[in-house]
Amino acid sequence: MTYQDTEQHAERESTDEGRVRHLVAEMYATVSGPAGPRDWARDREVLHPDCRLMRVVRSDPGRPQLEVLTLDGFIAAVTPLLESADLYEIETSSEVRLFGNIGHVWSTYEGKRSPDDDAEPSFRGVNSIQVDRDADGRWWIRSMLWDNEYA
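Numbering (our numbering) for the sequence shown: 865 to 1015.
Below you can see the structure in the form of structure tokens.
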């Protein structure tokens, strides 16, 4: 591999990282906002139609269980909450790792009832997000696994 090849590879990876970070920012922007309907078409632009969304839920005895949802299932599950309460999920840190056509984002976030910087978070959590680049060169969120820590 020549220096020029290495430089071009680094530039492409940098651009790819920016695209992946944009996907994550759009995902957070879709669920965040004042009480009311969300623009789910926006989520469908970043979450692949076949993606799986997996959240850790607590059963009655408090033991964690994994709930696996399709995109439509996720939308149906969270719409009543988002239409009735203000919610702002704000990314606090992230790490993006890419290799070829796949990648992983480890994204920590806070959930708040107000977008104000000094608002107390209602919860914190981590999203483990898997991405891939399709045959057309487009990056997608293919799966996401998350857990929340409640205050």
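For glycine and all other residues, C-beta sits at the position ideal for the given N, C-alpha and C.
All values derive from a computational prediction rather than experimental measurement.
If only uninterrupted beta strand (DSSP E) runs of at least 3 residues are considered, none is enclosed by the region 881 to 912. Beta-bridge annotation (DSSP): E984 is not paired with any residue. For G937, no beta strand (DSSP E) encloses it; the enclosing alpha helix (DSSP H) starts and ends at 935 to 948.
Counting C-beta pairs closer than 8 Å gives fewer than three between the region 955 to 974 and the region 914 to 934, which falls short of the contact rule.
Here P985 is not near Y952, since their CB atoms are 7 Å or more apart.
Membership of R961 in the beta strand (DSSP E) is indicated by the continuous run 952 to 963. Nearest to G900 by C-alpha distance, out of V942, S992, M1008, is V942. Here L962 really is in contact with V884; their C-beta atoms are around 7 Å apart, less than 8 Å.
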